[in-house]
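Chemist: Attaching a single structure in structure tokens format; questions to follow.
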Amino acid sequence: MMEKKPTLYLIDASSYMYRAFYALGRRLTAPDGTPTQAVFGFHQMLQKVLREKQPEMLCVVYDPPAPTFRHALYPQYKATRDRMPEDLVVQVPLIKTMVDLMGIPSLEVPGYEADDVMATLVRQATEKGYAVVIVSGDKDLHQLVNEPLVLQWDPQKDELYTAEEVVKRLGVRPHQVRDLLALMGDSTDNVPGVPGVGEKTARELLRLFGSLDEVLRRVHEIPSASVRKKMESAQEAALLSRQLVSLREDAPVNFVVAECRRRPADVAGLRALYERLGLRRFLADLAKNLPSQTAAEMAAPPARRDVIVRNEPAFRRVLEEMRQASVLSIDLETTSQDAMLADIVGVALSWRDHEAVYIPIGHETRDSESQLPLAVVLEGLRPLLEAETPKKVGQNIKYEWVILKRHGIELHGIDFDTMVASYLLDPGNPSHRLERIVAEHLGEAKATYGDVAGVGAKQVPFAHVPVTKAAAYACSDAETTLRLVPILRKKLEQAGLSPLMDTLERPLIAVLARMEMRGVRVDTEKLEALSRILEEGLRREEQTIYAIAGGPFNIQSPVQLRDILFGKLQLPVIKKTKTGPSTDMSVLEELAAHHPIAQHIVAYRSLAKLKNTYVDTLPLLVHPHTGRIHTSYNQTVTATGRLSSSEPNLQNIPVRTEEGRRIREAFVADPGYGLLAADYSQIELRIFAHYSGDSRLLAAFEAGDDVHRRTAAEIFNVSPQDVTAEMRRQAKTVNFGIIYGMGPYGLAKQLKISQSQAKEMIERYFARYQGVKRWIERVIAQAHKRGYAETLLGRRRFIPELQSRNRSMRQLGERLAVNTTIQGSAADIIKKAMIDIDQEMQGCGCRSAMILQVHDELVFEVAEEEAGWMRAMVKERMESVVTLRIPLVVDMGYGKNWAEAHS
DNA sequence: CAGGGCATATTT
DNA sequence: GACAAATATGCCCTGA
1 MMEKKPTLYL
11 IDASSYMYRA
21 FYALGRRLTA
31 PDGTPTQAVF
41 GFHQMLQKVL
51 REKQPEMLCV
61 VYDPPAPTFR
71 HALYPQYKAT
81 RDRMPEDLVV
91 QVPLIKTMVD
101 LMGIPSLEVP
111 GYEADDVMAT
121 LVRQATEKGY
131 AVVIVSGDKD
141 LHQLVNEPLV
151 LQWDPQKDEL
161 YTAEEVVKRL
171 GVRPHQVRDL
181 LALMGDSTDN
191 VPGVPGVGEK
201 TARELLRLFG
211 SLDEVLRRVH
221 EIPSASVRKK
231 MESAQEAALL
241 SRQLVSLRED
251 APVNFVVAEC
261 RRRPADVAGL
271 RALYERLGLR
281 RFLADLAKNL
291 PSQTAAEMAA
301 PPARRDVIVR
311 NEPAFRRVLE
321 EMRQASVLSI
331 DLETTSQDAM
341 LADIVGVALS
351 WRDHEAVYIP
361 IGHETRDSES
371 QLPLAVVLEG
381 LRPLLEAETP
391 KKVGQNIKYE
401 WVILKRHGIE
411 LHGIDFDTMV
421 ASYLLDPGNP
431 SHRLERIVAE
441 HLGEAKATYG
451 DVAGVGAKQV
461 PFAHVPVTKA
471 AAYACSDAET
481 TLRLVPILRK
491 KLEQAGLSPL
501 MDTLERPLIA
511 VLARMEMRGV
521 RVDTEKLEAL
531 SRILEEGLRR
541 EEQTIYAIAG
551 GPFNIQSPVQ
561 LRDILFGKLQ
571 LPVIKKTKTG
581 PSTDMSVLEE
591 LAAHHPIAQH
601 IVAYRSLAKL
611 KNTYVDTLPL
621 LVHPHTGRIH
631 TSYNQTVTAT
641 GRLSSSEPNL
651 QNIPVRTEEG
661 RRIREAFVAD
671 PGYGLLAADY
681 SQIELRIFAH
691 YSGDSRLLAA
701 FEAGDDVHRR
711 TAAEIFNVSP
721 QDVTAEMRRQ
731 AKTVNFGIIY
741 GMGPYGLAKQ
751 LKISQSQAKE
761 MIERYFARYQ
771 GVKRWIERVI
781 AQAHKRGYAE
791 TLLGRRRFIP
801 ELQSRNRSMR
811 QLGERLAVNT
821 TIQGSAADII
831 KKAMIDIDQE
841 MQGCGCRSAM
851 ILQVHDELVF
861 EVAEEEAGWM
871 RAMVKERMES
881 VVTLRIPLVV
891 DMGYGKNWAE
901 AHS
């Protein structure tokens, strides 16, 4: 039997260099300032090819320097192209070096463009019976597609161009592509084509005649007189164009199988290159995608000395060593991701690079015969953990803080959190998992939790992981965290983020931990009663809807609902989603005018939402021991610097509707306590006023006016006392819209007015608040220049969208720059207030506690006898946390439950 | 049957 | 496509 021949992958280098260069903008540079975004993008593309295709044979083909034979043919060839940007020029040799070091063959033939070289290799390889995949997104190369032997693939878009796909894209078969390009021309390469003939005409001509030669031979048969005339006068141009776009198959190269085989990578060379370019994370990529043994070794962590502590003498020795340490990395292994429910299974500690210890405690496996009791371990560690030194570091150390506190140990001396540091360095990054941080900043591959305990259905409790396996994992966590600290600290320093870390985010860790632990009391009986009421309402709406629809269906299924509304009832389609007509709230509101069913669906949805998401779910989250609800405050999630809350999310508890307020009534204070709610009044608009220095906006806040009323008076040109409720409502929407960068379209939709009216309203706003307009322009310009937006306390969010070549993406980037500055500064302010207030409360040993944060609001559970003091202290701290050009104002409310406190 | 994508809903 | 930041739920399809 004949062995199957490997497929040859030909990689079109230029197109990916350009694409990577422009796609990533100017964000990536090496420590020495060398731009690296093209190297980065090229690497990503190569990794994808290697990972997904594991090619045995491949070759990267470069374009040679101009001129090529085409310039001899037509001096203006590619004359309209800008010169390669200098920032890209310097990256080309880096990319070539990288390709060489990776052991990937490459070619560059003077006088012949990469396309011609590839065409030649395609011919030679297919003649020998090899299949070829052309790795490129370029449409010129479609002419080489020749199934089944020759295919084109674009790994970045993940599109495979078969002959059929080419027809779909261009409307002609692959062999007709060059004739199509010859007729229509190609503006990027300055190929003239036939003047007046575009893509449509060219395609039609080829459909009628099959080829350019036929078109020219039977030019008198062309049905349209004008096209006929154009063709007659441009025969020369058409033939020249065809020469230009035709790929030559006679480049002076020889396809030699052995020369296209992948060679082993030069590990040391790559390491040096990546180190120099500040792309250490690539080392970890390599380990995954290069089968080469050396590459895997290279990216594996340096050998680490793990000690498993199984008896008391060993534990005492370890404690003695730790007492001498200045920094201690700590990682608890437990039975749950939820710190309030987790039981300790083991403790990993590291205080010297490449060394760590694991103390198994609660493993239930065959190799767990000798484990120290939890109490012994905790009592042994207590003095170290409660002291300021050694300094404690960790990855999400709030988790350890809460668990230790539950065991009566208060962790002191928290010095660094790698998760928080990674977040501050790049808050837009969706992952701050340890393995990703290690890959990026240490260039090492690391086992994940899933690798050790399994994922999904196959996941086992950590206690069932064998001690040796658990130890390796836990030690690697603690030890890599320790080594990350100085590296991340330095990067924070270089970015000017150290003060934000030291004075805001790090002190906040313990504050959030205390809030989570205290939790909030929920009146489950009240919720159960509410559940029954909602149940009844749901049943009633359901019956009504079935009656109108003429039969039962699943109202909660968008698909079935779509069939009923737009099929059976023939209601007009207002807007569409990706999958079909939309049935969301705004659509149903409009449909209410056409058909009574719409309002019932709105009512049903609203009841179902409240019941399923809040009323029936909150009681399930009551902690079995504390009887309270303990949310998680996530410090490293949002791109703007806000906190988020989950399990449950207490930041989106309903407030607008009557039923919603009933839910807030179920959030109650303990007996002897009350709830104090304190919220910043108009904080985002105040920040706007502060930053912009706009005289009218500043005056409104200084006078203590109702800003929305003032805005209404300004944009409707009436005196404040003549502002109607409707005018105020519209002005309020405009004010919020400005913060979010809303355009005429969005405002029109929101206010249900015409787009021209909305446009006029925005224009009037900016005419009255010219300082605001100028500031927005300034912020956008600065973000363009720096590549990031910056908040009041120096938080940075990178905005790659600003470098997009897509206009709407760029505009999104500009809105992000404005909104992040405002929203992020508000987040900075309230975080600082939380720290100040917490410090005040810790200092006086009071019984009251901060329990909730909802972006511009803090909620406290206040001991009745402390209520007066708390009220004054909280207001004072919140209002004086920073000094802006206008005062910060805090509104307060007090009551037995959250609804009452909110007024 | 788990997991992911989508549509929808809630908050600031 | 058009207005920023989040989390949660139910449906429905995909793939083991």
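Okay, so the first sequence: first residue is 1 according to the UniProt record's numbering, each after it adds one. The beta carbon of each residue, even a glycine, is placed where N, CA and C say it ideally should be.
Put Lys392 into one of helix, strand or coil per three-state DSSP.
Modeler: It is a strand residue.
Chemist: Assuming Leu180 contacts Leu170 (C-beta within less than 8 Å), just tell me the rounded distance between them.
Modeler: That belief holds up - the Cβ atoms of Leu180 and Leu170 are roughly 6 Å apart, short of 8 Å.
Chemist: Check whether the region 811-825 and the region 444-452 touch, using three or more Cβ-Cβ pairs below 8 Å as the test.
Modeler: These segments do not touch.
Chemist: When you compare the CB positions of Glu249 and Thr126, do they come within less than 8 Å of one another, or not?
Modeler: No, these two residues do not count as a Cβ contact at 8 Å.
Chemist: In the structure shown, what three-state DSSP assignment does Lys398 receive?
Modeler: In the structure shown, Lys398 sits in a helix (DSSP, three-state: H, G or I).
Chemist: Excluding the five sequence neighbours on either side, which residues of its own chain have a C-beta within less than 8 Å of the C-beta of Glu857, listed in chain order?
Modeler: Here the set comprises Ala677, Ala678, Asp679 and Tyr680.
Chemist: Drop a sphere of 10 angstroms on the beta-carbon of Asn652, count the other beta-carbons inside from all chains shown, and report buried for 16 or more, exposed for fewer.
Modeler: Label assigned to Asn652: exposed.
Chemist: Apart from the five residues on each side of it in sequence, which residues of its chain come closer than 7 Å, Cβ to Cβ, to Arg178?
Modeler: The residues are Gln143, Arg242, Val245 and Ser246.
Chemist: Using a Cβ-Cβ cut-off of 7 Å (strictly less than) and excluding sequence neighbours within five positions of Pro6, which residues of its own chain qualify?
Modeler: These residues qualify, in order along the chain: Glu56 and Met57.
Chemist: Assign Pro800 to one of two classes, buried (16 or more other C-beta atoms within 10 Å of its C-beta) or exposed (fewer than that).
Modeler: So Pro800 ends up on the buried side.
Chemist: For Gln682, I'd like the list of residues in its chain whose CB is within less than 7 Å of its CB, leaving aside the five on either flank, ordered along the chain.
Modeler: Contacts found: Val707.
Chemist: Residue ranges of each beta strand (DSSP E) run of no fewer than 3 residues wholly in the region 715-767, ordered along the chain?
Modeler: DSSP runs (the beta strand (DSSP E)) wholly in the region 715-767: none.
Chemist: For Tyr16, report the span of its alpha helix (DSSP H) as first-last.
Modeler: Unbroken alpha helix (DSSP H) run through Tyr16: Ala13 to Ala23.
Chemist: Return yes when at least one heavy atom of the ligand SAH lies under 7 Å from the C-beta of Leu411, else no.
Modeler: For the structure depicted, the ligand SAH is absent and the ligand set is empty, with no information on it obtainable.
Chemist: Can you tell me whether Tyr358 is buried or exposed, with buried defined as 16 or more other CB within 10 angstroms of its CB?
Modeler: Classification for Tyr358: buried.
Chemist: Going by CA-CA distance only, name the one from Leu385, Val345, Leu374 and Gly278 that's closest to Ser326.
Modeler: It is Leu385.
Chemist: Using a 10 Å radius around the Cβ and a threshold of 16 neighbouring Cβ atoms, would you call Leu620 buried or exposed?
Modeler: Burial call: exposed.
Chemist: Under a Cβ-count criterion, where at least 16 other Cβ atoms within 10 Å of its own Cβ denotes burial, should Tyr9 be classed as buried or exposed?
Modeler: It counts as buried.
Chemist: What is the residue span of the beta strand (DSSP E) that Cys59 lies within?
Modeler: It spans Met57 to Val61 - the beta strand (DSSP E) in which Cys59 sits, taken as one unbroken run.
Chemist: Does Asp679 come out as helix, strand or coil in the three-state DSSP assignment?
Modeler: Strand.
Chemist: Rounded to whole angstroms, how far is the Cβ of residue 917 from the Cβ of Gly269, which I believe are closer than 8 Å?
Modeler: No answer is possible for residue 917: it lies beyond the span of the chain, which begins at 1 and ends at 903.
Chemist: Work out the CA separation of Leu747 and Thr733 for me, nearest whole Å.
Modeler: Cα to Cα, Thr733 sits roughly 8 Å from Leu747.
Chemist: Return the chain-ordered list of same chain residues with a C-beta closer than 7 Å to the C-beta of Met870, the five sequence neighbours on each side being excluded.
Modeler: Leu676, Ser848, Phe860 and Val862.
Chemist: Output yes or no for whether 8 Å exceeds the beta carbon distance between Val455 and Ala251.
Modeler: No, the Cβ-Cβ distance between Val455 and Ala251 is not below 8 Å.
Chemist: Quick check on residue 936: buried or exposed, where buried means 16 or more other Cβ atoms within 10 Å of its Cβ?
Modeler: Here the chain covers residues 1 to 903 and nothing more, so residue 936 does not appear.
Chemist: Within the same chain, show all residues whose beta-carbon is closer than 6 Å to that of Glu659, passing over the 5 residues directly before and after it, in chain order.
Modeler: Cβ within range, chain order: Leu610.
Chemist: Nearest-angstrom Cα distance between Ala375 and Arg382?
Modeler: Taking the straight line joining both Cα atoms gives about 10 Å.
Chemist: Going by DSSP in three states, Lys611 sits in which element: helix, strand or coil?
Modeler: Helix, per DSSP.
Chemist: Ignore the nearest five residues each way along the sequence and tell me which others in Ser292's own chain have a CB closer than 7 Å to its CB.
Modeler: Legend: pLDDT at Ser292 = 49, less than 50; position of this residue unreliable, value from coordinates given subsequently. For Ser292, where only same-chain residues beyond five positions count, the Cβ hits under 7 Å are Pro264 and Ala265.
Chemist: If you count every other CB in all the chains shown that lies within 10 Å of the CB of Glu147, and 16 or more means buried, which is it?
Modeler: Flag for Glu147 reads exposed.
Chemist: DSSP on Ala901, reduced to helix/strand/coil?
Modeler: Of the three classes helix, strand and coil, the one that applies to Ala901 here is helix, per DSSP.
Chemist: Express the C-alpha separation of Lys832 and Leu504 in angstroms, rounding to a whole number.
Modeler: Distance between the alpha carbons of Leu504 and Lys832: 6 Å.
Chemist: Going by the beta-carbon positions, is the gap between Phe462 and Val345 smaller than 8 Å?
Modeler: For Phe462 and Val345, yes; Cβs fall inside 8 Å.
Chemist: DSSP on Pro291, reduced to helix/strand/coil?
Modeler: Legend: pLDDT at Pro291 = 49, less than 50; position of this residue unreliable, no value from coordinates given.
Chemist: Measuring only the C-alpha atoms, how far is Val172 from Trp153?
Modeler: Rounded to whole angstroms, Val172 to Trp153 spans 18 Å at the Cα level.
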